[in-house]
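Participant:
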Amino acid sequence: MSRKKTAEGLLTRSDEMELDDREPRPSTSGTSGTALEKKMSRKRTAEEGPLTRSNDDDEPLLTPVKRHRSGTEDRFLLSNLDAATIQLLMNLEGDSSEEELPEVPIIDIPGIPEEPEIQPLSPLAASLSPKPPAPSPPESSPTTPRQSPLPPQSLPLSQSPPLPSAPLSPERSASASPLPTNYSWSPDPPASRPSFEFSGDSNLLETPEGTSPGHFFDLMFTVGFFNLLVREINSFAAELMCRKVYEQQRRREKGLTPLKKPLIFKWEDVTIEEVKKWLGITFMMGIIKLDRLRDYWTQNEKFSLPFFHGHMSRDRWFSILEALHFAPNEASADPIFKIRPLVTYFHDRMAALINPARKVCIDESLAPWRGRISFRQYLPLKSNKYGIKLYMLTEPDGLIHRFLVYAGAGDVTVSGQGHTTKVIQKMMSGYLGVGRSLFQDNYYNSVDQARALLREKTTVTGTLRPNRVNNPPDSASRKLKRGESVQRWSPDGIYVTKLKDKRDVWTISTEFSGEMVSCEARRGFSRKPQSLVEYNKCMGGIDLLHQHLSYYTPPHRSIKLYKKFGLQIIELMLLNAYFLYRRFSVTSSKLNLYSFRLAIVDHLCGRIPTPTPSRVVQPAHDTIVEKHFPRLHPLPTEPGGRRKQLRCRNCYKRNVVKKATTYCGGCPDEPGLCLDQCFIEYHRELGVKILP
Numbered sequence: 001m002s003r004k005k006t007a008e009g010l011l012t013r014s015d016e017m018e019l020d021d022r023e024p025r026p027s028t029s030g031t032s033g034t035a036l037e038k039k040m041s042r043k044r045t046a047e048e049g050p051l052t053r054s055n056d057d058d059e060p061l062l063t064p065v066k067r068h069r070s071g072t073e074d075r076f077l078l079s080n081l082d083a084a085t086i087q088l089l090m091n092l093e094g095d096s097s098e099e100e101l102p103e104v105p106i107i108d109i110p111g112i113p114e115e116p117e118i119q120p121l122s123p124l125a126a127s128l129s130p131k132p133p134a135p136s137p138p139e140s141s142p143t144t145p146r147q148s149p150l151p152p153q154s155l156p157l158s159q160s161p162p163l164p165s166a167p168l169s170p171e172r173s174a175s176a177s178p179l180p181t182n183y184s185w186s187p188d189p190p191a192s193r194p195s196f197e198f199s200g201d202s203n204l205l206e207t208p209e210g211t212s213p214g215h216f217f218d219l220m221f222t223v224g225f226f227n228l229l230v231r232e233i234n235s236f237a238a239e240l241m242c243r244k245v246y247e248q249q250r251r252r253e254k255g256l257t258p259l260k261k262p263l264i265f266k267w268e269d270v271t272i273e274e275v276k277k278w279l280g281i282t283f284m285m286g287i288i289k290l291d292r293l294r295d296y297w298t299q300n301e302k303f304s305l306p307f308f309h310g311h312m313s314r315d316r317w318f319s320i321l322e323a324l325h326f327a328p329n330e331a332s333a334d335p336i337f338k339i340r341p342l343v344t345y346f347h348d349r350m351a352a353l354i355n356p357a358r359k360v361c362i363d364e365s366l367a368p369w370r371g372r373i374s375f376r377q378y379l380p381l382k383s384n385k386y387g388i389k390l391y392m393l394t395e396p397d398g399l400i401h402r403f404l405v406y407a408g409a410g411d412v413t414v415s416g417q418g419h420t421t422k423v424i425q426k427m428m429s430g431y432l433g434v435g436r437s438l439f440q441d442n443y444y445n446s447v448d449q450a451r452a453l454l455r456e457k458t459t460v461t462g463t464l465r466p467n468r469v470n471n472p473p474d475s476a477s478r479k480l481k482r483g484e485s486v487q488r489w490s491p492d493g494i495y496v497t498k499l500k501d502k503r504d505v506w507t508i509s510t511e512f513s514g515e516m517v518s519c520e521a522r523r524g525f526s527r528k529p530q531s532l533v534e535y536n537k538c539m540g541g542i543d544l545l546h547q548h549l550s551y552y553t554p555p556h557r558s559i560k561l562y563k564k565f566g567l568q569i570i571e572l573m574l575l576n577a578y579f580l581y582r583r584f585s586v587t588s589s590k591l592n593l594y595s596f597r598l599a600i601v602d603h604l605c606g607r608i609p610t611p612t613p614s615r616v617v618q619p620a621h622d623t624i625v626e627k628h629f630p631r632l633h634p635l636p637t638e639p640g641g642r643r644k645q646l647r648c649r650n651c652y653k654r655n656v657v658k659k660a661t662t663y664c665g666g667c668p669d670e671p672g673l674c675l676d677q678c679f680i681e682y683h684r685e686l687g688v689k690i691l692p
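Numbering follows the UniProt record's numbering, with no gaps: position 446 of the sequence shown is 446.
(1) For T510, which of helix, strand or coil comes out of DSSP?
(2) Ignore the nearest five residues each way along the sequence and tell me which others in P396's own chain have a CB closer than 6 Å to its CB.
(3) Considering only residues of the region 511 to 596, which uninterrupted alpha helix (DSSP H) runs meet the minimum length of 4 residues and lie entirely inside it, listed in chain order?
(4) Within its chain, find whatever has a CB closer than 8 Å to the CB of V275; leave out the 5 residues flanking it on each side and keep chain order.
(5) Does the region 559 to 574 come close enough to the region 192 to 212 that 3 or more CB-CB pairs lie under 8 Å?
(6) Could you pull the start and end residues of the beta strand (DSSP E) that F439 belongs to?
(7) Taking Cβ to Cβ, would you say K658 is nearer than 7 Å to C664?
(8) Looking at F679 and L673, is the spacing between their C-beta atoms short of 7 Å?
(9) In angstroms with no decimal places, state the Cα-to-Cα distance between G416 and L438.
(10) If you draw a straight line from the alpha carbon of R294 to that of F236, how long is it in whole angstroms?
(11) May I ask which residues mark the beginning and end of the beta strand (DSSP E) holding T394?
(12) Short of 6 Å in beta carbon distance, which residues of its chain neighbour M285, apart from the five on each side in sequence? Order them along the chain.
(13) Opposite A660 in the DSSP bridges: which residues?
(14) Classify D363 as buried or exposed, calling it buried when 16 or more other Cβ atoms lie within 10 Å of its own Cβ.
(15) How would you call S518, buried or exposed, if buried means at least 16 neighbouring beta carbons within 10 angstroms?
(16) Can you give the Cα-Cα distance for residue 695 and Y386, rounded to whole angstroms?
(17) From C605 to H311, what does the alpha carbon distance come to, in whole angstroms?
(18) According to DSSP, which residues form a beta bridge with D363?
(19) Among the residues of its own chain, which have a CB less than 7 Å from the CB of L632, if the five just before and after it don't count?
(20) May I ask you to report which of helix, strand or coil DSSP gives L673?
(21) Using CA coordinates, which residue listed in L240, R583, L549 is at the minimum distance from N329?
(22) Taking a contact to mean a Cβ-Cβ separation below 7 Å, would you say residue 693 touches S475 in this structure?
(23) In the DSSP assignment, the alpha helix (DSSP H) including L229 goes from what residue to what residue?
(24) Between the beta-carbon of P258 and the beta-carbon of Q248, is there less than 7 Å?
(25) Report the rounded CA-to-CA distance for L574 versus L464, giving the unit in angstroms.
(26) Can you say whether N55 is buried or exposed, counting buried as having 16 or more other CB atoms within 10 angstroms of its CB?
(27) Specify the secondary structure class of T421 as computed by DSSP and reduced to three states.
(28) Could you check which residue in A452, Y562, N470 has the C-alpha nearest to that of Y428?
(29) For G462, report the span of its alpha helix (DSSP H) as first-last.
(30) Hey, how far is the Cα of A351 from the Cα of T344?
(31) What are the residues that DSSP puts in a beta bridge with F403?
(32) Taking 7 Å as the cut-off, decide whether the C-beta atoms of W185 and R455 are in contact.
(33) CB G418 to CB N445, shorter than 7 Å?
(34) Taking its Cβ as the centre, do 16 or more other Cβ atoms sit within 10 Å of P64, making it buried, or is it exposed?
(35) Does L259 come out as helix, strand or coil in the three-state DSSP assignment?
(36) If you draw a straight line from the C-alpha of L499 to the C-alpha of G483, how long is it?
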């Protein structure tokens with residue numbers, strides 16, 4: 001239902017429809033109070049509430065009142081028309097000064113607040129109200145909120161003192177001067193253009209203990225990180241055991257067969273060393289990819305991967321995966337509360353390690369996820385089209401400084417009007433004012449945004465959408481041939497160019513000039529604006545990051561979202577350790593990402609422990625025919641001519657007392673053995689090869 005807001009009163013669209021259906025009747029002066037009451041019968045329904053009266057005979061205004069509820073009381077407020085509207089209605093009625101407009105009562109019913117919200121007028125009541133000759137009402141009026149003339153993309157970035165042409169924040173104050181609706185564009189550059197010298201520090205704030213990959217890994221993965229994992233894993237494992245015990249009891253109460261004993265019932269609290277080994281095995285799974293996780297521990301000769309079962313048993317690794325957790329299970333309005341401690345650790349650690357360099361980039365990434373979740377995004381241009389959207393602040397070499405998990409329309413931090421400006425505020429908070437150069441694509445760029453950043457001593461370069469507000473109008477309408485370009489400058493140094501290639505390409509920059517430079521193309525060389533060439537160079541860091549992420553992602557498909565997302569953040573931390581190693585390591589030959597990951601696996605897992613040899617009696621000889629053959633024992637003859645006999649070693653094992661005159665001369669202890677199967681069985685148990 002459309003409504004119009006004024007200081008007093010309201011009229012709804014349903015009343016306008018009712019008034020349009022009425023036939024106009026001639027008005028008579030001096031209408032009696034009884035006649036007036038007949039013409040203006042009061043209507044009251046449960047939905048509309050009481051109706052106000054007007055002394056207009058032609059079109060009586062019946063204004064239903066919105067019903068408000070709060071607590072245990074109800075109140076119906078009969079809305080008042082403003083004084084100008086009342087005077088107009090009285091003039092239409094004629095000379096009706098004898099009858100005063102009845103005072104509108106306020107009926108108090110318990111439960112409604114004293115000050116209900118003021119509802120807007122419908123278009124009909126607004127048309128009856130005379131337009132004041134003066135400009136808009138005072139800015140202090142609570143019923144006439146000032147509308148910002150800015151588009152959502154062009155709101156400012158900080159709370160710095162106001163400048164003549166830019167507001168202070170996305171929620172513009174009433175005293176802020178508006179941005180100009182029309183820019184003055186010229187084909188020639190201005191006489192002077194703002195330039196800023198970078199005054200920040202982009203060196204490492206903490207020095208690693210060495211130059212090996214393991215030392216740079218320890219910069220990102222500190223003891224605090226592993227303490228967080230150990231605490232949350234052990235806590236959630238105890239919770240899981242309680243759940244499983246309760247589930248088993250419920251099945252017994254219902255007469256159902258209890259489930260197989262879960263692995264979690266064998267749980268033992270993990271330690272930091274064990275979590276490190278678990279992570280090392282997980283990183284190794286990204287290098288050696290198998291379809292099934294259990295195949296890493298299989299004894300099938302087709303796989304033969306002793307690394308995995310040499311460091312951790314299969315059941316133990318799966319038990320830790322089941323108990324993997326990053327935050328307590330507490331009720332929270334935060335949509336990513338289960339990984340929030342991990343996100344906080346990432347940002348705190350990067351802020352403690354290094355500040356961004358002069359050139360930074362803002363772009364989107366996608367954490368793959370095809371399951372059901374309210375803020376899953378679809379980005380058709382990404383390799384993984386479905387997933388959770390991340391806004392990232394990176395450097396051209398791929399180093400990630402910040403990322404923001406976008407939780408959809410319910411994200412109170414960045415959603416709503418001025419979405420892109422809020423994203424830039426989050427990403428660049430604390431990094432403005434030192435002369436940085438920001439590169440971003442056409443999703444974020446606009447002329448007003450470039451001007452607001454310029455006032456924060458931050459230049460911006462990137463592509464531009466042709467339908468943005470305040471773009472040069474003549475550039476939009478001008479038709480170009482392939483290879484041609486048109487350039488426009490604003491007085492404060494904002495440069496916008498339109499280049500015709502396969503399609504129209506718009507760029508904007510407050511740093512680079514309109515010089516056309518020659519660059520290598522697929523077929524020879526082509527000339528492009530310098531701003532476009534520099535944009536392609538710096539935004540390549542985002543592509544490099546996505547390329548590295550796609551190489552060694554662990555094959556964890558059937559796990560819960562927070563576990564998969566948490567492992568994705570750990571992969572980002574590992575990539576940051578690699579980028580820091582490539583930038584700051586002083587070794588002559590630096591490892592590539594593949595070798596770096598292998599070095600980190602060795603750093604976490606170490607060497608496979610040497611197994612303790614089992615006490616197995618080794619055979620004295622390879623085959624039974626070399627020396628293992630029965631012999632007659634040279635026992636003395638007893639009186640009477642009978643030879644002495646030995647006890648059969650094999651029969652004695654079976655608790656059978658049997659004497660034998662033969663023995664094995666090849667065995668060290670020369671055991672007595674019967675000539676039948678005892679001789680063969682005894683040697684087979686020793687591992688002696690029996691030839692047919």
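Idealized CB from N, CA, C, for every residue including glycine.
Values in this document were obtained by computation on a predicted structure and should not be read as measured data.
Facilitator: Answer, in terms of the structure:
(1) Residue state, collapsed to three classes: coil.
(2) K359, C538, G541
(3) 530 to 538, 540 to 551, 561 to 584
(4) F226, L229, V230, I233, I320
(5) no
(6) 437 to 440
(7) no
(8) yes
(9) 23 Å
(10) 23 Å
(11) 386 to 394
(12) Closer than 6 Å at Cβ, skipping near neighbours: P554.
(13) L646
(14) buried
(15) exposed
(16) Residue 695 lies beyond the range of the chain shown here (1 to 692); nothing can be said about it.
(17) 7 Å
(18) Beta-bridge pairing by DSSP links D363 to M392.
(19) Contacts found: T661, T662.
(20) coil
(21) Selection L240, R583, L549 evaluated against N329 yields L240 as nearest (Cα-Cα).
(22) Here the chain covers residues 1 to 692 and nothing more, so residue 693 does not appear.
(23) 223 to 253
(24) yes
(25) Their backbone Cα atoms lie some 34 Å apart in a straight line.
(26) For N55, the predicted structure reports a pLDDT of 42, less than 50, and the residue's modelled location is therefore unreliable. A value from the coordinates is still provided. Burial call: buried.
(27) helix
(28) According to the sequence as given, residue 428 is Met; it is not Tyr. Selected option, being the one with the closest Cα: A452.
(29) Segment 459 to 463 is the beta strand (DSSP E) holding G462; no alpha helix (DSSP H) there.
(30) A351 and T344: Cα-Cα distance of roughly 11 Å.
(31) M392
(32) No, they are not a contact pair.
(33) no
(34) The pLDDT assigned to P64 is 40, lower than 50, so where the model puts this residue is not dependable; a value taken from the coordinates is nonetheless given after this. So P64 counts as buried.
(35) coil
(36) 7 Å
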